[in-house]
Each structure stands twice: as C-alpha cells, then as structure tokens.
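*Asks:* Sequential numbering of the sequence shown, starting at 2, is according to the working numbering. I have a structure I would like to understand better, so I am pasting it below and will then ask my questions one at a time.
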Amino acid sequence: MNQLLPIVRKNFYRYYFLSALIIGIFYVFLLPPFHSPDEPNHFYRIYQITEGHFFPEMNPAKDSLGGGIAKSLITVSAPFLPAIFQKDVKIPADTIIRYLFYPLNKKDTTFYGFINTARYPPTAYLPQIATVAILKIFNTPPIVMLYTARIAALLFWLCALFITLKLTPVFKELIAVLALAPTCAAISSSVSADVVSNGLLFIQMGLFLKWKFSEEPVARREKIIFMLLALVTTVNKLCYFPLILLIALVNKEKMGGARRKYIFIGGLLTACLALIAVWGKLMRPFIYPFGDVHRTPYFNMRPGIDVNPDLQIQFILARPFSFLWRFWVDSLDSYTHGYGYIGNCGWDVGVPSGVAIAAILFLTALSVFQRKYFTFWESVWLALVAHSMNMLLLFLMHLNWDGVGETMINYYHGKYYIPIYPLFFFAIPGLANALGLKKSFAWAFDYRIILLYALAINIDMMILIVQRFYR
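Following this line, the structure appears as structure tokens:
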C-alpha cells in the first residue's frame, strides 16, 4: 500500500484542481447574482473601496453606515433580492439576461447603507478590488463585473489551496476534500470577504503543519510570513486569531529553543490584540458617530431590534455568571448546525441533513486513517483552539447582531466554520488512536473515491440550486 501512495497522490492532484476549478465555475454562474450570503453588501463595499474610500461613510440623516456607490449597482441588484429570503420567488432566466449588460453609470451616485460589510478593510477583498478597479476603467456592466470578481476570488482561493497543500506534509487529501465541501466551494466562488480570509487562514494551517511534522527547522522567513498572515486575517476576521495558539504544538528545537518559541507566540498574540484595539478605536466613531452610546446605526442591522454592542456588554457585565453558563451551552449547541459546514449554499439552500451527515461520516473515516497524526493531548489542544475560535465568533455575533438582552441567535451559517472544522478533523486520528479505533497499518482512500464523493455532493447541491431559484 505504501508503494502505491505516491502514484495515488500524483493522480489525485492531477485531477483535483481541474475538478475544483470546474465545480467553482459552476457555482460562479449557477448561483444567481447577489445570492451568496450578504453578496450585495460585499459588492457595494468593494465598489466603494475602488472609489478610494477605505473607511465607511456615515449618513446622519438616515443613521446609516455605508457609502456612495453608483445607482446602477442598486438597480441591477433589485430584481434579484426578493428571492433571497422568499422561497416561493423564482428568478426567470430572462431576468439575468436582461440585466447582464445593464450599463454602469459611474457619475450617477447615491448613498446606500450596508452596515454589516462597511467595516471590512480593503485587505478582505484584495482580488475582488483589483478586478473591479480594472473593469471600472472600461465601464463594464455591473453584473459582468460581479461574475468576473467571483472568478477572481475563486482563482485566489485555488492558489491559496495549492500553496497550503504544497506546504503541508500531512492531511493533504483531507484538506483537499474539505475544500470541496459545497459550502466552502460555493462561498469561495463569490465576492464575499470570507474568500481572502479563509485562503490566508488555510496557508497558516499549512505552515503550522509543516513546522509540526517536517524535520526541518522553522525558517525565519516563514515566521515573518506567518506573522503577516496572522495580522491580515486578524484585521479581516478577528474571531479567527486564536489559530496562532497552534504554534504551541511545534517542537521548541525547530523554533530555535523554548525562549524563542514563546517569545514568537507571545509577540504575535500581543501584536494581534494591539491591532484589534487600534482597529476598534478607528471604527468606534462609525459605530457611535454622535458620541452617544444610546444612538448607533447598528439598529439598522436588524430593523426593530435594539442592536448595540456597548449596551450589550453592559447587560452581560450586570449578570456575568448567568451569561457565561448560557454562552457555554449555546457554544456547544452551535455544533448541532455542523451539517451546514458541509452543504449550505446561499441563505436557504442546503443538502438534506442525511446527505450532510453521511458526508461528515465519510470525512471522519478519512480522518481516522491518516498515516501521521497528533498525540492524544495534542488533539485535545487542537479541539480547544477550534472551540475558542467558535466561542469568539459567537460572542462577536452576539454583540453585533443580537438585540440587547436577547439570547444568542440559534442559526449559524456553515461558512463561518470553514477555518474551524479542519482543526477538529485534524484531531480525530489522535483521539481515535487513544480509543483503540485506529488501525496499526497505513491506509488511504483511493483518490477516485474522494473525487467521486466531492463531485456527487456538489452535483446534488447544484440540482438543489436549480430547483430553488430557476423556473
């Protein structure tokens, strides 16, 4: 079996990236315009940045946070928005054709509120910004611009995935097949800010796995790259910065000794926390533009709901023990939505739970029989780091989405877990070995089975997209 592994790997990667590209292109054009989660607002934010506005703009008359964008962007998105949350609303094919070449009018602008994406920095949209900035020069129609930016994001994700698989000496097939889960493949084929963040986080994972399992000492330039990636992903999506804690599992000799290892970890954590503090200070005038904690544009996050981060914190501090208990219970309960990590597309399209559970069992089996793996306690640490990322994600959502005094929302889109769940799958073989479930011999799935699984579940998702949106 070991003699066959290089051939399996060679064939696997020969067909893998072609399959991933084809699947991604299908999602680019099959998912209707603006139907990836929050895609209209991501697109507006990208356009605003290409206008030179790196920070959001405030409209005091409307208590709204967003920016000035071309009216034509709003015009072309309007026909597609009713179908986002109304399952009985379909999108006729001629609607896409009719608006596909609707012209861009850069001079006719208006203010539009998109508070949930207004605070994203330019680093969250690097390939999309470059694409839209170039296309604007040629007055490219907005929907053509959207599709092209989706393709640019997809290519960025595939490049990041290629780098990750090149770096890591372990879990290659597992990482590859996780990246082809419909939720991940679909969001990576959109203009969402998650594409860049997820890609850079995967590269960080690749570096960590290389440092952990290769025999080479950690190069200084790799430390610098990891540091830069951590800083960028922190300012993009600060809930994922605990990923840095994985470095604690790297052998101290590879890091130049225990002192250098913990100085690196501590320095990086300090830098990320300082960056969070600086970014929070820069954004505070936009959260409370009138200097009054009782007046914030955040009420526009959910009309009719009193969303206010400062008042939410005050509410929590007034009852810390009851909050901590409820928070812990809700953080565990969030994993009951884990099937969404496998098969969520758009807002309300998902593979049947039975299919998602079968996929999770398949991935678990693939994880159990990895040839190299972490020890039991290292696996526990991986799970704790993953859960800390999950808890920070839920806490930030609670501050910025839930009404003051409300319990936590009970629905979490699977896209949030793309950088979290791989750590759990990395932990499975070590835990399985401790329980006596892991075989003593080396074993790997045939690459054709893996690709067949990925193609089957994505084809199922694409059929559901057609049934949901088109007629």
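All C-beta atoms, glycine included, are put in the ideal place defined by N, C-alpha and C. Owing to the predicted nature of the structure, the values given are computational and were not obtained by experimental measurement.
1. Can you tell me which of the three DSSP states Leu453 falls into?
2. Say whether the region 163-175 touches the region 353-360, bearing in mind that this needs 3 or more beta-carbon pairs closer than 8 Å, one atom from each stretch.
3. Considering only the beta carbon of each residue, do Val178 and Lys213 sit closer than 7 Å?
4. Would the region 107-116 and the region 221-228 be scored as touching if the rule is three or more Cβ pairs under 8 Å?
5. Could you give the distance in angstroms between the alpha-carbon of Ser78 and the alpha-carbon of Ile152?
6. Assign Arg46 to buried or exposed, taking buried as 16 or more other Cβ atoms, counted over all protein chains shown, within 10 Å of its Cβ.
7. Can you give me the Cβ contacts of Met392 inside the same chain, cut-off strictly under 6 Å, excluding the 5 residues immediately before and after it?
8. Nearest to Lys1 by CA position, among Ser368, Tyr28, His295 and Tyr263, is which residue?
9. Within the same chain, show all residues whose beta-carbon is closer than 7 Å to that of Thr149, passing over the 5 residues directly before and after it, in chain order.
10. Helix, strand or coil, according to DSSP, for Glu58 in the structure here?
11. Just mark Lys238 as buried or exposed, buried being the case when its beta carbon has 16 or more other beta carbons within 10 Å.
12. Which runs of the alpha helix (DSSP H) spanning at least 4 residues fall entirely within the region 66-92, listed in chain order?
13. In terms of DSSP beta bridges, what is Thr111 paired with?
14. Would you identify the three-state DSSP class for Gly480, choosing helix, strand or coil?
15. Taking Cβ to Cβ, would you say Pro183 is nearer than 7 Å to Asn401?
16. Could you tell me the distance, in whole angstroms, from the CA atom of Leu452 to the CA atom of Gly67?
17. Would you check if the distance between the CB atom of Leu397 and the CB atom of Cys240 is smaller than 7 Å?
18. Hey, could you find the ends of the alpha helix (DSSP H) Lys255 is sitting in?
19. Buried or exposed, going by whether 16 or more other CB atoms sit within 10 Å of the CB of Pro104?
20. Beta-carbon within less than 7 Å of Gln468's beta-carbon, same chain only, minus the 5 sequence neighbours each way: which residues are those?
21. Relative to the C-alpha of Ile277, which candidate in Lys107, Ser193 and Tyr121 has its C-alpha closest?
22. Suppose only complete runs of 4+ residues qualify. What are the alpha helix (DSSP H) ranges in the region 185-246, listed by chain order?
23. Determine the burial state of Asn1: buried for a count of at least 16 other Cβ atoms within 10 Å of its Cβ, exposed for fewer.
24. What did DSSP end up calling Asn474 once you bin it into helix, strand or coil?
25. Use the C-beta contact count for Trp378: other C-beta atoms within 10 angstroms, 16 or more gives buried, fewer gives exposed.
26. Can the beta-carbon of Leu101 be found closer than 7 Å to that of Ile144?
27. Looking at the structure shown, is Gly268 part of a helix, part of a strand, or coil, going by DSSP?
*Replies:* On the basis of the supplied data:
1. By 1-based counting over the sequence shown, the position of residue 453 is 452. Residue state, collapsed to three classes: helix.
2. no
3. Position 177 of the sequence shown, counting from 1, holds the residue named residue 178. Position 212 of the sequence shown, counting from 1, holds the residue named residue 213. No, the Cβ-Cβ distance between Val178 and Lys213 is not below 7 Å.
4. no
5. Within the sequence shown, numbered from 1, the residue matching residue 78 stands at position 77. Within the sequence shown, numbered from 1, the residue matching residue 152 stands at position 151. Each residue's Cα considered, the two are about 19 Å apart.
6. Taking the first residue of the sequence shown as position 1, residue 46 is located at position 45. Under this definition Arg46 is a buried residue.
7. Counted from its first residue, the sequence shown places residue 392 at position 391. Excluding sequence positions up to five before and after Met392, its CB lies within less than 6 Å of the CB of Ser332, all in the same chain and listed in chain order.
8. This structure cannot speak to residue 1, because the chain is shown only from 2 to 472.
9. Taking the first residue of the sequence shown as position 1, residue 149 is located at position 148. Closer than 7 Å at the Cβ level, and outside the excluded window around Thr149, lie Thr132 and Leu136.
10. Sequence index remark: in the sequence shown, residue 58 carries index 57 (1-based). In the three-state reduction of the DSSP assignment, Glu58 falls in the strand class.
11. For this step, residue 238 is matched to residue 237 along the sequence shown. Buried is the call here.
12. 72-78 and 83-86
13. By one-based count along the sequence shown, residue 111 stands at place 110. Beta-bridge partners of Thr111 (DSSP): Ile70.
14. The chain is shown from 2 up to 472; residue 480 falls before or after that span and cannot be answered.
15. As a first step, residue 183 is located in the sequence shown; it is residue number 182 there, counting from the start. As a first step, residue 401 is located in the sequence shown; it is residue number 400 there, counting from the start. Against a cut-off of 7 Å, the Cβ pair of Asn401 and Pro183 comes out as no contact.
16. Indexing the sequence shown from 1 puts residue 452 at position 451. Indexing the sequence shown from 1 puts residue 67 at position 66. Approximately 42 Å between the Cα atoms of the pair.
17. On the sequence shown, position 396 is the one that residue 397 refers to. On the sequence shown, position 239 is the one that residue 240 refers to. Contact flag set, yes.
18. By 1-based counting over the sequence shown, the position of residue 255 is 254. Where Lys255 is concerned, there is no enclosing alpha helix (DSSP H), given that its DSSP letter is neither H nor E.
19. Sequence index remark: in the sequence shown, residue 104 carries index 103 (1-based). With fewer than 16 Cβ atoms within 10 Å of its Cβ, Pro104 is classed as exposed.
20. The residue labelled residue 468 in the question sits at position 467 within the sequence shown. Closer than 7 Å at Cβ, skipping near neighbours: no residue.
21. The residue labelled residue 277 in the question sits at position 276 within the sequence shown. The option with the nearest alpha carbon to Ile277 is Tyr121.
22. 195-214 and 221-237
23. The structure shown does not extend to residue 1, since the chain is modelled only from 2 through 472, so no value can be given for it.
24. A query on residue 474 cannot be resolved here, the shown segment of the chain reaching from 2 to 472 and no further.
25. The residue given as residue 378 occupies position 377 in the sequence shown. Burial call: exposed.
26. Taking the first residue of the sequence shown as position 1, residue 101 is located at position 100. Taking the first residue of the sequence shown as position 1, residue 144 is located at position 143. Yes, Cβ-Cβ distance for Leu101 and Ile144 is below 7 Å.
27. Residue numbering aside, residue 268 sits at position 267 when the sequence shown is read from its first letter. It is helical.
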